[in-house]
Amino acid sequence: MTTTAAHALVAQLEALGVEYVFGTCGHTNIAVLDALAGSPIRFVIARHEQAAAHAADGYARASGKPGVLLVHVGPGLTNAATGAMTAALDSVPMVVISGDIPSYYRGRHPHQEINLHADADQASVFRPFVKRAWNVHRAQDLGRAVERAFWTAASGRPGAVLVNVPMDVFSRPAAPYPPISHAAPPDLPEATAELIAARLAAAERPLIYVGGGLREDAEALIALAEHLDLPIAHSLMAKGTVPDAHPLVLGMPGFWGLELTNTYAREADVVLALATRFAETDSSSWDSRFTWDFSGSTLIQIDIDPAEIGRNYPAEIGAVADVRLAIKAIADAATSHAPRTRPELRKQILEARSELFAASQERGRSEDFPLRPERILKDLRDALPPNAILVTDVGWNKNGVARCYELPAEGRFITPGGASTMGFGPAAAIGVQLAEPDRTVIALIGDGGMSAQLPALPMAVEQGAPVVFVVMNNRSHGTISDLQSAHYGRSHGCDFTDPAGRPYSPDFAALARACGADGHTVATPGDLGAALREAITNRRPAVIDVPMVNEPVPTPGHWNIKDIYQGFFTD
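Start counting the sequence shown at 0; every next residue gets the next number (numbering that gives the first Met the number 0).
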């Protein structure tokens with residue numbers, strides 16, 4: 000049956016199992032919105048395309064399905080670029096569908112066409128970070144492009160893709176397209192699994208280093224680690240993949256890592272790296288004096304993306320495989336080797352990790368006001384149900400949780416990694432809540448991050464998403480203010496002030512009430528816990544505005560940017 004391309008697109012999205020489309024309206028995409036009006040797919044309207052993109056990203060991270068984003072030509076697409084890039088750099092599947100100028104006006108600069116000084120198209124804006132961008136020229140090609148887009152976004156190393164569609168194409172006749180095809184992900188060859196298991200079994204100082212590509216599916220990883228008593232380090236993005244309380248978890252290496260973790264990583268003789276890109280902060284700017292040193296050791300690297308193998312460190316054994324299948328194959332192969340025990344190492348891990356969390360808890364008992372950051376973390380840990388999902392932005396909320404917050408085994412931590420995008424947390428938390436409607440979702444964000452995504456508040460109200468926005472309010476871009484003060488002796492351009500130079504902040508609790516959400520202002524140290532418990536019980540969107548002192552995250556680690564400020568350069 001022939002219908003319009005817009006209606007055929009919506010039917011295809013239904014067949015693909017899409018539940019939500021996030022986005023904003025514009026004259027180039029209203030044909031799709033009209034088709035969605037008669038569909039069970041729910042359109043989540045945003046007041047800014049970046050908010051829509053982050054919400055789609057959060058939904059994808061929580062559900063495991065591609066987030067779908069619908070945007071308008073020109074500024075609609077460019078506003079969404081930051082959110083799509085954030086998803087792309089964190090290997091999150093996202094399908095962006097953008098309306099474009101009428102196909103027959105290209106190059107004449109009709110309303111909102113953006114190729115002002117180059118013979119390009121608006122899809123070129125996305126090409127540096129998406130896996131692929133399709134320009135659809137004919138209505139009969141739209142279904143095929145969408146099929147390939149979903150397959151490309153979710154297969155291999157997941158990521159963002161773009162389908163760019165001239166607005167007239169949506170209104171032209173087209174036939175519905177058959178559902179997407181499926182194919183098995185690449186497994187690890189049996190001989191390779193046996194070789195890796197043998198290397199780990201024979202090692203004296205082995206280490207598993209797990210990245211965000213494994214997500215939460217860690218049963219085989221834990222079985223392997225426990226059989227051979229292999230310590231586990233994890234990247235920022237993999238916090239919670241193995242429970243923080245597990246006796247073999249060393250925690251993060253690199254800038255935020257413990258001295259024990261960095262020392263063990265540097266001196267390990269065999270490292271099995273799983274779905275990690277060895278990011279700069281996790282690798283102490285790739286300086287072998289601090290974290291990873293493979294000059295006399297073996298790196299075994301498994302990744303779905305062949306471009307990552309050997310990118311930052313030479314791999315003696317490299318394998319392109321789905322990490323879930325690979326780790327199961329290695330765990331099965333390891334059972335033919337005798338179990339190993341390392342009681343002294345377990346003792347060292349227990350002491351170091353216990354000291355880390357206990358010290359943070361102790362600082363969190365402070366009755367100072369404004370609150371110390373670790374008091375906020377302690378009150379969260381005490382008030383939240385174990386399976387709560389913490390969605391952070393960037394700054395103390397992200398770095399402090401990653402380092403100092405002992406995540407319950409049932410809990411989850413979601414944060415922007417590769418792009419470290421300020422403003423990710425508020426809107427992403429809404430997408431997470433839509434994917435996990437029965438769980439408590441906390442957007443733990445700074446005042447800078449909340450200010451960057453104020454459109455998230457009315458979005459939460461309109462969607463009935465009971466996200467609790469906890470604003471760690473130090474009236475500053477605090478992490479950068481600390482960094483500037485430490486290296487230049489003063490902070491300029493980082494702190495929010497009124498015309499008289501006094502610290503300034505919007506009343507976020509009042510703003511929440513103006514949007515139809517609940518608003519709580521913390522005025523004493525005891526107010527935060529009470530406000531959290533009330534907000535969690537009420538199951539309504541709520542903002543808790545928490546005055547906080549500006550202090551750096553405690554870390555012994557190394558990051559090359561600090562050397563650069565002092566004129567020292569490590570190439």
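Note that CB positions come from ideal geometry on N, CA and C, so glycine has one too.
Note that the coordinates shown come from a computational prediction; the quantities given were computed from them, not determined experimentally.
How would you write the range of the alpha helix (DSSP H) that residue i sits in, first residue to last?
i	result
A54	48-62
H486	477-487
L349	342-362
D302	Per DSSP, D302 belongs to no alpha helix (DSSP H); it is in the beta strand (DSSP E), 297-302.
L220	218-227
G142	138-153
M574	Coverage of the chain is limited to positions 0 through 570, which leaves residue 574 absent and any answer about it impossible.
N537	526-537
L259	258-266
V466	Per DSSP, V466 belongs to no alpha helix (DSSP H) and is neither H nor E.
Let me make sure I understand the geometry here. Which of the options has the alpha-carbon closest to that of residue i?
i	options	result
N28	Q300, L76, A50	L76
E266	A79, T290, E307	T290
A190	P313, D331, G73, G210	D331
D228	R171, L249, A14, F567	L249
A351	V431, N134, R288, P246	P246
H71	P165, V545, P230, A192	P165
G417	A174, G98, G210	G210
P540	P502, Y176, A314, P436	P436
P502	K238, V43, R46, G477	G477
E215	L206, A274, V162, L259	A274
S287	T262, A306, L271, Q300	T262
P92	P65, G106, R107, I113	P65
P313	V319, I326, V322, S296	S296
R171	Q139, V467, V400, S154	Q139
P524	M236, P369, P384, G518	P369
G16	T3, A59, I207, H53	A59
H519	G317, E373, F468	F468
A51	A36, A80, D33, G63	A80
P230	R204, N537, L88, K238	R204
N473	F568, A455, L482, S504	S504
A434	A464, S419, A455, T420	A464
H26	A14, L88, P109	P109
P551	T23, H336, G445, P372	P372
G422	I308, Q462, V470	V470
F128	P157, A117, L141, Q111	P157
S62	R438, A119, E48, G155	R438
Y103	G488, P178, Y176, V168	V168
P74	D497, E112, M84	E112
Do residue i and residue j have their C-beta atoms closer together than 7 Å?
i	j	result
Q347	V145	no
I303	L223	no
A459	I429	yes
P457	A442	no
E405	N386	no
A5	V43	no
V67	V20	yes
V545	A508	no
V431	V390	yes
L206	T240	no
D292	A202	no
R402	I388	no
V160	A152	yes
A427	H53	yes
Sort out for me which residues DSSP pairs residue i with in a bridge.
i	result
D321	DSSP lists no partner for D321.
A244	DSSP output for A244 lists no bridge partner at all.
S97	V70, N163
R41	Y19
A232	Y208, G250
A173	T2
V471	Position check: residue 471 holds Met in this sequence, whereas Val was assumed. Paired residues: G445, V545.
F567	Per DSSP, none; premise fails for F567.
L273	V209, I301
I316	I299
Taking the beta strand (DSSP E) that residue i belongs to, which residues open and close that run?
i	result
V440	440-445
D544	541-546
T591	What is shown of the chain runs 0 to 570, which leaves residue 591 out entirely.
V431	It is not in any beta strand (DSSP E) - V431 instead sits in the alpha helix (DSSP H) that spans 423-434.
W133	132-134
I388	388-391
R411	411-413
Inter-stretch contact at 8 Å, needing at least 3 Cβ pairs: the stretch 249-264 / the stretch 521-533: no
Touching by the beta-carbon criterion (3+ pairs, under 8 Å), the stretch 546-561 and the stretch 274-286: yes
Touch test, the stretch 176-186 against the stretch 120-129, Cβ-Cβ under 8 Å, three pairs minimum: no
Inter-stretch contact at 8 Å, needing at least 3 Cβ pairs: the stretch 503-519 / the stretch 348-363: no
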